[in-house]
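Protein chains in written order, with our numbering: chain B, 7 to 335; chain F, 7 to 335.
Note that the Cβ used here is the ideal one computed from N, Cα and C, for glycine as well.
Source: prediction; values computed, not measured.
Only one structure is covered here, and it is reproduced in the block below.
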């Protein structure tokens with residue numbers, strides 16, 4: 007199995023990306039890792055101990071965080087992210103991962119790697135945090151702002167397969183993000199999608215509300231990219247604001263500082279739970295090969311974890327399973 | 007000025023509704039209050055001290071919390087809520103308020119009171135909590151799940167006029183709920199609405215994200231009912247889950263109980279801040295008369311506060327101002 011890694015994308019690229027790739031190469035000798043990027047920058051980071059299953063695939067250019075996604079992918083054909091996508095498209099890699107510009111990565115998926123036959127919209131599917139630390143796979147979370155009912159149906163099928171193949175859930179519970187749990191609730195999109203999801207070869211449990219998500223009311227959350235993003239930012243904003251308030255109150259007097267000393271380890275644990283950035287990389291589902299989006303702040307551990315996820319997905323033939331299920335419709 | 011009060015709607019009806027009406031009648035002798043509901047139930051609650059500016063307007067029926075809204079309003083023509091709406095429609099009252107079934111109240115607004123000429127969709131506009139306790143008026147929050155760009159434009163105009171007339175804000179800052187602050191962000195709806203809002207006679211400050219709302223990043227938040235509801239429930243759910251977690255952790259040991267004793271008053275303050283139910287009644291804007299939705303759990307103080315808001319709005323000629331601005335387009 008071969009996995010291409012964009013060595014140049016992310017806040018800590020190339021240093022920590024290369025370090026993560028080195029650790030992954032050592033841990034999984036059966037997996038070939040292709041580090042895509044500037045050879046001159048990567049080689050010194052590897053040093054004299056290059057594992058035999060790690061190779062550098064030179065790429066001249068880099069897509070920057072502020073680059074306009076579509077233009078960057080079209081014009082910078084030699085960018086590390088685009089070249090990694092080409093490796094997947096050409097069958098030279100089974101999967102690619104990048105911590106670079108999210109929009110550009112979605113564009114690379116769409117324009118370079120390409121959609122699976124029958125998939126109308128690939129979807130970005132991060133794990134949302136839950137209090138029990140298990141998480142909910144949510145899609146689409148930002149690849150497409152607008153969705154049709156048929157797109158939500160495909161998201162549900164892809165998300166179910168992912169959680170089954172990669173996380174081992176036998177019968178993932180699929181919920182539709184809505185404003186109430188009753189079947190007739192919602193807008194035109196969710197009402198039409200509800201009917202489609204009821205007929206689909208998935209374990210559909212009906213509408214779910216954003217307020218129950220942290221208690222893991224489903225395993226796969228289906229939403230359009232706009233509503234999903236609004237939800238995620240509302241959750242982040244509320245948690246962030248409450249932590250800021252608590253910090254202020256804890257620092258207020260000698261007594262509150264005492265309380266802070268007692269409670270701080272527990273609050274840190276809570277903060278960790280709520281931080282969706284800590285919940286690993288997100289697959290971009292519906293493409294002819296696996297594309298994984300790592301968070302921009304990914305360090306070596308995050309890169310290694312993303313390789314682990316990609317390995318599991320490739321070994322479980324995720325892409326082939328999605329293709330078979332979708333073309334069967 | 008005359009204000010009709012649905013005496014039979016809400017968790018604490020008729021007792022605390024009547025009590026709130028009595029207190030309001032005493033406080034504002036210039037305002038005539040019409041208590042609409044079952045005379046036999048209301049009279050004993052008033053007792054022998056009926057203020058001269060309070061009258062009972064008998065209504066036989068009651069709309070129940072679980073009634074299907076449209077059917078209930080169509081069939082129960084003698085229900086207290088519907089009769090209060092008729093009083094507004096017929097010019098016998100300038101405003102009405104109810105703590106009853108929200109869906110039925112919106113239906114009463116639409117079918118009994120009626121839309122203002124030129125208004126396509128009336129909007130429900132509650133105040134969302136902010137950390138500084140001032141709040142953000144958000145609309146639409148549930149009257150219509152789907153919206154067109156022109157509806158969002160009308161929401162913005164109505165919300166601006168409300169905050170100006172009722173809350174005295176000279177130049178309310180209007181923000182469009184979106185997934186990023188840049189002008190080109192969002193779905194088809196928000197992109198089209200953005201262009202309309204830029205041309206409107208309001209102080210449009212652009213897109214706002216759900217994560218900044220608690221810090222009062224705008225005075226009027228514009229959203230479709232679906233996205234707004236998802237946002238609100240995500241905020242409520244996150245706050246509720248965090249409070250539950252804190253409660254558990256604080257009860258964990260002798261030391262954490264000590265910390266709890268120190269911090270509890272501050273946490274209660276925070277919980278109060280986050281509870282949108284405590285932020286008063288919500289106008290249903292765009293009708294030929296003012297309709298106010300009080301929370302189902304309203305007590306006498308909440309009813310009195312709703313009368314206060316209604317008085318201010320009627321005195322400031324809110325409905326006439328909205329009509330003039332909309333018909334001017």
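| task | Kindly identify the DSSP beta-bridge partner or partners of residue 289(B). | result | The partner list for residue 289(B) (beta bridge, DSSP) reads 298(B).
| said: Once the 5 residues before and after residue 329(B) are set aside, which same chain residues still bring their CB inside 6 Å of it? | reply: Cβ neighbours of residue 329(B) beyond the five flanking positions: 122.
| For the alpha helix (DSSP H) that contains residue 95(B), what are its first and last residues? | It spans 86-95 - the alpha helix (DSSP H) in which residue 95(B) sits, taken as one unbroken run.
| query | I think residue 133(F) touches residue 143(F), with their Cβ atoms under 8 Å apart; what is that distance to the nearest whole Å? | reply | Taking C-beta atoms under 8 Å as the contact rule, residue 133(F) and residue 143(F) qualify, at a distance of about 6 Å.
| Span of the alpha helix (DSSP H), counted from its first residue to its last, around residue 194(B) | Annotation for residue 194(B): the continuous alpha helix (DSSP H) segment containing it runs 194-205.
| task | Using a Cβ-Cβ cut-off of less than 7 Å, give me the residues of the stretch 148-159 of chain B that come near chain F, in sequence order. | result | For the stretch 148-159 of chain B, which is checked against every Cβ of chain F, the residues closer than 7 Å are 151 and 152.
| When Cβ atoms are compared, which residues of the stretch 260-272 of chain B fall closer than 9 Å to chain F? | Those residues of the stretch 260-272 of chain B that come within reach of chain F (Cβ to Cβ, closer than 9 Å) are 261, 262, 264, 265, 266, 267, 268, 269 and 272.
| Could you give the uninterrupted runs of the beta strand (DSSP E) lying entirely in the stretch 34-90 of chain F, keeping only those of 3 residues or more? | The beta strand (DSSP E) runs lying completely inside the stretch 34-90 of chain F and spanning 3 residues or more are 38-43 and 60-64, given in chain order.
| Closer than 9 Å, Cβ to any Cβ of chain F: which residues of the stretch 232-245 of chain B, in chain order? | Identification of residues in the stretch 232-245 of chain B having a C-beta nearer than 9 Å to some C-beta of chain F yields 232, 233, 234, 235, 236, 237, 238, 239, 240, 241, 242, 243, 244 and 245, given in sequence order.
| query | Three-state secondary structure (DSSP) at residue 338(B)? | reply | Nothing can be reported for residue 338(B): it is not among the residues displayed for chain B, which extend from 7 to 335.
| request: Output the boundary residues of the alpha helix (DSSP H) element that contains residue 150(F). | output: Where residue 150(F) is concerned, there is no enclosing alpha helix (DSSP H), because DSSP gives it neither an H nor an E.
| request: For residue 64(B), verify whether its CB is less than 8 Å away from any heavy atom of the ligand SAH. | output: For the ligand SAH, the structure offers nothing, since it holds no ligand at all.
| request: Give the residues of chain B in contact with residue 137(F), contact being defined as C-beta atoms less than 7 Å apart. | output: Within chain B, the residues near residue 137(F) are 247 and 251.
| task | Could you work out which residues of chain B lie near residue 216(F), taking near to mean beta carbons separated by less than 7 Å? | result | Ordered by position in chain B, the residues that pass the 7 Å Cβ test against residue 216(F) are 236, 239, 240 and 243.
| message | Within the continuous beta strand (DSSP E) that includes residue 215(F), where are the two ends? | response | Boundaries of the beta strand (DSSP E) harbouring residue 215(F): 209-215, taken from the DSSP string.
| At which residues does the beta strand (DSSP E) containing residue 221(B) begin and terminate? | Run containing residue 221(B): none; DSSP gives neither H nor E here.
| task | Counting only runs of 4+ residues fully inside the stretch 101-168 of chain F, write out the alpha helix (DSSP H) ranges in chain order. | result | The alpha helix (DSSP H) runs of length 4 or more contained entirely in the stretch 101-168 of chain F are, from start to end of the chain, 108-113.
| Taking C-alpha atoms, which residue in 70(F), 184(F), 158(F) and 178(F) lies nearest to residue 167(F)? | Nearest option by C-alpha distance: 178(F).
| field | Neighbourhood of residue 119(B) by C-beta, 8 Å cutoff - its chain only, sequence neighbours within 5 removed | value | Beyond the five residues adjoining it in sequence on each side, residue 119(B) comes within less than 8 Å, by CB distance, of 91, 94, 95, 102, 293, 294, 295 and 297 in the same chain, given in chain order.
| said: With a threshold of 6 Å on Cβ separation, who are the neighbours of residue 66(F) within its own chain once the five nearest residues in sequence on each side are excluded? | reply: If we look at residue 66(F) and ignore the five residues flanking it on each side, its Cβ neighbours are 84.
| message | Any C-beta of chain F within less than 7 Å: which residues of the stretch 190-213 of chain B qualify? | response | For the stretch 190-213 of chain B, the residues whose beta carbon sits under 7 Å from a beta carbon of chain F are, in order, 192, 193 and 194.
| Alpha carbon to alpha carbon, what distance is there between residue 46(F) and residue 231(B)? | Their backbone Cα atoms lie some 54 Å apart in a straight line.
| query | Looking at C-beta atoms only, is the number of pairs between the stretch 152-160 of chain B and the stretch 314-327 of chain B that lie closer than 8 Å three or more? | reply | No contact exists between the stretch 152-160 of chain B and the stretch 314-327 of chain B.
| Within chain F, partners of residue 221(B) - CB distance below 8 Å | Within chain F, the residues whose beta carbon sits less than 8 Å from that of residue 221(B) are 247, listed in sequence order.
| Beta carbon of residue 87(F) nearer than 9 Å to that of residue 15(F) | Residue 15(F) sits close to residue 87(F), with the two beta carbons spaced by under 9 Å.
| request: Indicate whether the contact test is met: 3 or more Cβ pairs, each with one atom in the stretch 173-187 of chain B and one in the stretch 203-211 of chain F, closer than 8 Å. | output: The stretch 173-187 of chain B is not in contact with the stretch 203-211 of chain F.
| chain F residues whose Cβ lies nearer than 9 Å to that of residue 255(B) | Under the 9 Å cutoff, chain F gives 269, 272, 273, 275 and 276.
| request: Tell me whether the beta-carbon of residue 342(B) lies closer than 9 Å to the beta-carbon of residue 78(B). | output: Residue 342(B) lies beyond the stretch modelled for chain B, which goes from 7 to 335, so this question has no answer here.
| field | Contact set between the stretch 167-189 of chain F and chain B, restricted to residues whose Cβ is under 7 Å from the partner | value | For the stretch 167-189 of chain F, which is checked against every Cβ of chain B, the residues closer than 7 Å are 183 and 185.
| said: When you compare the CB of residue 7(F) with every CB in chain B, is at least one pair closer than 9 Å? | reply: By this cut-off, residue 7(F) is not an interface position.
| said: In the DSSP assignment, the beta strand (DSSP E) including residue 179(B) goes from what residue to what residue? | reply: For residue 179(B), the enclosing beta strand (DSSP E) stretches over residues 179-184.
| field | Neighbour-count burial assignment, residue 247(B), 16 or more Cβ in a 10 Å radius | value | Burial state of residue 247(B) is buried, judged by a 10 Å Cβ sphere holding 16 or more other Cβ atoms.
| query | If we call anything under 9 Å between Cβ atoms a contact, is residue 69(B) one with residue 106(B)? | reply | Closer than 9 Å, so yes.
| task | Quick one: give me the first and last residue of the alpha helix (DSSP H) that residue 226(B) is part of. | result | Careful: residue 226(B) lies outside any alpha helix (DSSP H), inside the beta strand (DSSP E) at 226-228.
| said: Between residue 73(B) and chain F, is any beta-carbon pair separated by less than 9 Å? | reply: No, residue 73(B) lies away from the interface with chain F (no Cβ there is under 9 Å from its Cβ).
| Using the C-alpha atoms, what's the distance from residue 229(B) back to residue 200(B)? | Inter-residue distance for residue 200(B) and residue 229(B) is about 11 Å (C-alpha atoms, whole angstroms).
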